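So the sequence lines, in the order shown, correspond to chains A and B.
The first sequence begins at 229 in the working numbering and counts up by one.
The second sequence begins at 12 in the working numbering and counts up by one.
Every residue gets a Cβ at the ideal spot worked out from N, C-alpha and C, and that includes glycine.
Computed from a predicted model, the values in this text were never measured in an experiment.
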Amino acid sequence: MTTLLKTPLHALHVELGAKMVPFGGYDMPVQYREGILAEHRHTRTAAGLFDVSHMGQLRLVGPDAAAALETLVPVDIIDLPVFKQRYALFTDENGGILDDLMVCRRPDDLFVVVNAGCKVQDTAHIRKHLSSRCEVIESPERALLALQGPQAVTALSRLAPGVEKMVFMDGGFFKIDGFEAFITRSGYTGEDGYEISIHERDAMAVARLLLDQPEVKPIGLGARDTLRLEAGLCLYGHDITTTTTPAEAALTWAIQKVRRSGGARAGGYPGYAVIDPQLPNTQAAQPSPVQRKRVGLVSNEKMPVREGAKLVSAEGVELGTVTSGTLGPTVGHLVAMGYVASSHAAIGTEVFALVRDKRVAMKVAAMPFAPQRYFRG
Amino acid sequence: MTIKYTPDHEWIEVHGDGTATVGITHHAQDALGDVVFVDLPEIGKSYAPKEIAGVVESVKAAADVYMPVTGEIVEVNEGLRADPALANTDPLKAGWFFKVKLANPAELDAMMDSTAYDDLLKNS
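Below you can see the structure in the form of structure tokens.
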């Protein structure tokens, strides 16, 4: 049996009455005493504090770091302005997705956040391909907190004046009551909010300062999952994997024109030959069709439709599989995402999910299910 | 009134008329978290012990509800269907699942009483 790792806030979670579960190799809080629904609603109406210290934090240092990272992601890193963050994907030679990540350019490095379950492989992948071009520094001594919700700005700006001036996907160095922090205005709930990278020795003090703010409550991974699903955001290993390409996953927005054929730095990343023909590009050629697409699904039925449920047409023809699903606590009805044959991917198409011995009527729907409320200034 | 418990965390309360009421325990609802949906059995259907007679779904997971005894479903809790959260807020009363006509009341004898069930929870 593998021993579960603990974040620097483990004792706080236990003290707050969290239900702890294994996640990404760590013993993590799935919910606190009030439960997932209350925590979800609190994040949508006030501010929720999440411990995401299980995620991997890395620094790529050196003048060639941005160009080097572009050899592993189909994303524009070179033109990323200082103190701007961007969503990116590690891809493989077959066009599949190895992980999704966040990259922020800072004056002296690229700050990279990767998923907990992928961080060992990601780090090995980065070292193998980039070590000759930049310094790759793992930061296991860093904790990561996410403060999410419409009142996150009120709570955090009280402790770290200036954070209210940032807009979505900005980053910056701040002091939180004297503790050094690197803060980005981003998150993974669809709400306005911040991610806060701090030294592990300061994590407990900073978390308590945040929890002392009247707007803030601790939120577990259970609500993080329902929040990100309502926001239409992918969970790696579920909605995106090595068997899904960016176009199939409806993530072509993450690939800037400069990296597409006809762009100034087209290609040069793993899987270009598979991925690029599936993208609309500047050469005006029609993208080659993909066989299946990630879509949003809604239903007025009451029975939850979860990951793994088969999707069929009215005639019973198999169309694909649900990759995430739940009763959306904010929207008040079933929401799911999954892959369907491209022929059935248009908004409004009726499909059926098979749950136990029942057919649940669903409809392909636009995402996000709950409106995103990022602060864009 | 006698209440007995199963290792699968159902409770069963026997009435004087040969029927019994079945629900899930406080421990079960606490482990599941917020219940958002219940799938209840059809009235008139008969079950053997350990057969799946219902499903309870929380935000995070689905769990089967097993029939504790041999018997026929005589009533289901429509109130629970309308408000599945009753399974969380009042699991032993308003959050009951179904009523069953017992075919073999002697089956109850082998089941746990509250002391034995509490011991099971302590040791698990």
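Asked, Found
"What first and last residue would you give for the alpha helix (DSSP H) that runs through A/Leu437?", "428 to 439"
"Counting only Cβ pairs nearer than 7 Å, list the residues of chain A close to B/Asp45.", "Gly263, Ile264, Leu265"
"Taking only three categories from DSSP, how would you classify A/Lys356?", "helix"
"Can you name the start and end residues of the beta strand (DSSP E) that B/Ala31 belongs to?", "30 to 35"
"Tell me, please, whether the CB atom of A/Thr465 is closer than 8 Å to any CB atom in chain B?", "First, the residue type needs correcting, since residue 465 of chain A is Gly and not Thr in the sequence shown. Answer no: the Cβ-Cβ gap between A/Gly465 and chain B never drops below 8 Å."
"Using a beta-carbon distance below 8 Å, is A/Gly245 in contact with chain B?", "no"
"Decide if the region 367 to 377 of chain A is in contact with the region 408 to 425 of chain A; the criterion is three or more beta carbon pairs, one per stretch, under 8 Å apart.", "yes"
"If distances are taken between C-alpha atoms only, which option among A/Glu363, A/Thr235, A/Arg429, A/Ala380 comes closest to A/Asp336?", "A/Glu363"
"For the alpha helix (DSSP H) that contains B/Lys133, what are its first and last residues?", "125 to 134"
"Within 8 Å (strictly less), CB to CB, does A/Gln259 reach chain B?", "yes"
"Quick check: what's the CA-CA separation for A/Gly496 versus A/Thr299?", "5 Å"
"Residue range of the alpha helix (DSSP H) that B/Ile14 falls in?", "Counting along the chain, B/Ile14 falls outside any alpha helix (DSSP H), though it belongs to the beta strand (DSSP E) covering 13 to 16."
"Does the distance from the C-beta atom of A/Cys462 to that of A/Gly399 stay below 8 Å?", "no"
"Listing by chain order, which chain A residues have their CB less than 8 Å from the CB of B/Glu68?", "Met531, Pro532"
"If you compare alpha carbons, which of A/Asp292, A/Val341, A/Val310, A/Ala316 is closest to A/Val303?", "A/Ala316"
"Any idea what DSSP makes of A/Val183, helix, strand or coil?", "Missing from the structure shown is residue 183 of chain A; chain A here goes from 229 to 605 and no further."
"So the alpha helix (DSSP H) A/Glu267 belongs to, where does it begin and stop?", "264 to 273"
"Check for me: the beta strand (DSSP E) holding B/Ile84 runs from which residue to which?", "82 to 87"
"For the region 437 to 457 of chain A against the region 258 to 269 of chain A, do three or more pairs of beta-carbon atoms, one drawn from each stretch, fall closer than 8 Å, so that the two count as touching?", "yes"
"Identify each residue in the region 97 to 124 of chain B for which the Cβ-Cβ distance to at least one residue of chain A is less than 7 Å, and report them in chain order.", "none"
"If we define contact as Cβ-Cβ less than 8 Å, is B/Asp50 a contact residue for chain A?", "yes"
"To the nearest angstrom, how far is it from the Cα of A/Ser281 to the Cα of B/Val49?", "35 Å"
"Quick check on A/Leu555 - is its C-beta less than 8 Å from some C-beta in chain E?", "Any reference to chain E falls outside this structure, whose protein chains are A and B."
"Using only alpha-carbon positions, find the residue among B/Val66, B/Thr100, B/Trp107 that is nearest to B/Glu86.", "B/Trp107"
"First and last residue of the alpha helix (DSSP H) that includes A/Val444?", "Not the alpha helix (DSSP H): A/Val444 falls in the beta strand (DSSP E), residues 444 to 446."
"Can you tell me the Cα-Cα spacing of A/Asp279 and B/Tyr58, whole angstroms?", "46 Å"
"Which first and last residues belong to the alpha helix (DSSP H) in which A/Gly450 is found?", "449 to 458"
"I believe B/Ala31 touches B/Glu24 by the beta-carbon criterion, under 8 Å. Please report the beta-carbon distance rounded to the nearest angstrom.", "6 Å"
"Using 8 Å as the Cβ pair cut-off and three pairs as the minimum, do the region 306 to 316 of chain A and the region 403 to 411 of chain A touch?", "no"
"So which residues on chain A does B/Lys15 lean against when the C-beta distance must stay under 9 Å?", "Correct list: empty, because the minimum Cβ distance to chain A is about 27 Å."
"Could you tell me whether any Cβ in chain A is nearer than 8 Å to the Cβ of B/Lys71?", "yes"
"DSSP beta-bridge partners for B/Trp22?", "B/Tyr16, B/Gly34"
"On a Cα-Cα basis, can you pick out the residue from B/Ser125, B/Lys110, B/Thr17 that is closest to B/Asn88?", "B/Lys110"
"Does any residue of chain B bring its CB to less than 8 Å from the CB of A/Gly450?", "yes"
"With a 10 Å radius around its C-beta and 16 neighbouring C-beta atoms as the bar for buried, classify A/Gln514 as buried or exposed.", "exposed"
"Going by DSSP, what residues sit across from A/Val540 in a beta bridge?", "A/Glu546, A/Phe580"
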